[in-house]
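Q: Input: one structure, supplied below.
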Ligand SMILES: [Zn+2]
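Residue numbers (this note's numbering): 624 to 955.
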């Protein structure tokens with residue numbers, strides 16, 4: 624392994640072993656990986672690291688894409704207008720997504736907009752929404768709903784004439800080979816006083832500490848970097864930003880998925896049977912995230928919201944939540 628790959632991307636300190644053997648326990652991408660940790664800033668890394676050029680094949684071969692039903696997407700996006708929607712998101716822990724911080728009249732870019740739900744919600748909130756998404760199947764969704772979506776990535780300089788009041792990166796930065804380069808490119812697309820909101824798994828969370836190598840957010844090899852509040856703050860400052868807000872949030876669904884994943888891991892190279900710990904997955908080889916989620920929620924919803932919600936909101940306040948949401952802006 625090249626020496627350069629065993630240094631911390633944040634502070635340059637030599638990494639030390641943390642988890643010796645770990646593999647893709649969701650989608651069965653073959654290969655044994657390791658997690659290494661920086662003794663100085665606590666940043667962790669999936670080893671060996673991937674290059675930008677490795678990503679298209681990895682994602683197209685192993686990452687499942689769920690089918691989108693347009694009517695369901697519309698119904699879901701309309702929920703954002705219901706009275707008490709913000710309280711519901713808080714209680715479910717789904718407010719770990721940056722676009723909910725957008726204000727009416729703003730121009731917002733969501734990088735990694737996936738199914739376009741975020742863009743539809745933004746439109747419902749009176750926001751001018753733009754999206755970037757690598758998955759070419761999203762083109763059809765964008766056209767159906769008449770949304771501004773660039774298929775590709777932010778390095779293509781999408782919407783070249785636009786700058787944005789808010790740029791959101793929800794569960795994106797941990798996937799990219801070079802987070803500092805991503806921050807630099809996004810920086811150029813902000814209005815004066817504009818903000819970037821990032822959300823990513825919390826390498827210091829309670830669930831990470833309790834779950835050992837079974838933490839669902841190791842998610843190797845797709846998750847390359849495992850940030851914590853301290854290490855991300857150093858990165859942001861090095862790249863010329865100041866952190867204006869930090870919060871930890873645990874989506875209740877993540878807790879359910881973590882509980883389901885605590886069984887025996889599948890053999891390296893096999894797609895999840897541990898995610899099949901519930902009969903929500905009739906056919907493990909064909910599962911998709913939404914189906915598992917719906918099955919789990921249906922079974923435990925009467926208990927999940929009061930018990931898991933109460934527990935999660937308590938640990939969120941202590942900074943131990945499973946995802947971090949951070950607002951940054953260019954340092955003056
Ligand atoms: Zn470090």
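Cβ atoms here follow ideal geometry from the backbone N, Cα and C, with glycine treated the same way.
Being a predicted model, the structure only gives us computed values, none of them experimental.
If contacts are defined as beta-carbon pairs under 8 Å, then residue 958 and residue 703 qualify, I think. What distance do you get, rounded to the angstrom?
A: Lying before the first or after the last residue shown, residue 958 is absent from the chain, which here runs from 624 to 955.
Q: What number of angstroms, rounded off, separates the C-alpha of residue 901 from the C-alpha of residue 786?
A: Residue placement at residue 901 is flagged as unreliable, the pLDDT there being 34, under the threshold of 50; the coordinate-derived value follows with that caveat. Computed Cα separation, rounded: 45 Å.
Q: Please determine, among 941, 814 and 878, the residue with the shortest C-alpha to C-alpha distance to residue 731.
A: Minimum Cα-Cα distance from residue 731 among the listed residues 941, 814 and 878 corresponds to 814.
Q: If you check the beta carbons only, do residue 972 and residue 665 fall under 7 Å apart?
A: Since the displayed the chain opens at 624 and closes at 955, residue 972 lies outside it and no answer follows.
Q: Buried or exposed: which applies to residue 861, given that a residue is buried once 16 or more other Cβ atoms fall within 10 Å of its Cβ?
A: exposed
Q: Give the secondary structure of residue 768 by DSSP, where H, G and I count as helix, E and B as strand, and everything else as coil.
A: helix
Q: In this structure, what does DSSP give as the bridge partners for residue 791?
A: 733 and 820
Q: Look at residue 950 and residue 867 and say whether their C-beta atoms are less than 7 Å apart.
A: By the CB criterion at 7 Å, residue 950 and residue 867 fall inside the cutoff.
Q: Candidates 851, 882, 698 and 808: which alpha carbon is nearest residue 965's?
A: The structure shown has nothing for residue 965, since the chain only spans 624 to 955.
Q: For residue 838, collect the residues of the same chain with a Cβ closer than 7 Å to its Cβ; drop the 5 residues on either side in sequence, then sort them by chain order.
A: Taking C-beta separations shorter than 7 Å and ignoring five residues to either side along the sequence, the partners of residue 838 in its chain run 830 and 831, following chain order.
Q: Near residue 885, what residues of its chain come up, given a Cβ to Cβ distance below 6 Å and the 5 sequence neighbours on each side ignored?
A: 837
Q: Would you check if there are 3 or more beta carbon pairs closer than 8 Å linking the segment 760-768 to the segment 786-800?
A: No contact exists between the segment 760-768 and the segment 786-800.
Q: Helix, strand or coil: how does DSSP classify residue 892 here?
A: Reduced to three states, the DSSP call for residue 892 is coil.
Q: Check whether the Cβ of residue 851 sits closer than 6 Å to any heavy atom of ligand 1, and report yes or no.
A: no
Q: Can you tell me whether DSSP reads residue 687 as helix, strand or coil?
A: In the structure shown, residue 687 sits in coil (DSSP, three-state: anything other than H, G, I, E or B).
Q: For the beta strand (DSSP E) holding residue 669, just list the boundary residues, first then last.
A: 667-670
Q: Nearest to residue 652 by alpha carbon, out of 840, 708, 685 and 709?
A: 685
Q: Do residue 739 and residue 764 have their C-beta atoms within less than 7 Å of each other?
A: When the beta-carbon positions are compared, residue 739 and residue 764 come within less than 7 Å of each other.
Q: Closer than 8 Å by C-beta to residue 715: which residues in its own chain qualify, once you throw out the five before and the five after it? Chain order, please.
A: Excluding positions up to five away in sequence, the list reads 874, 875, 876, 928 and 932.
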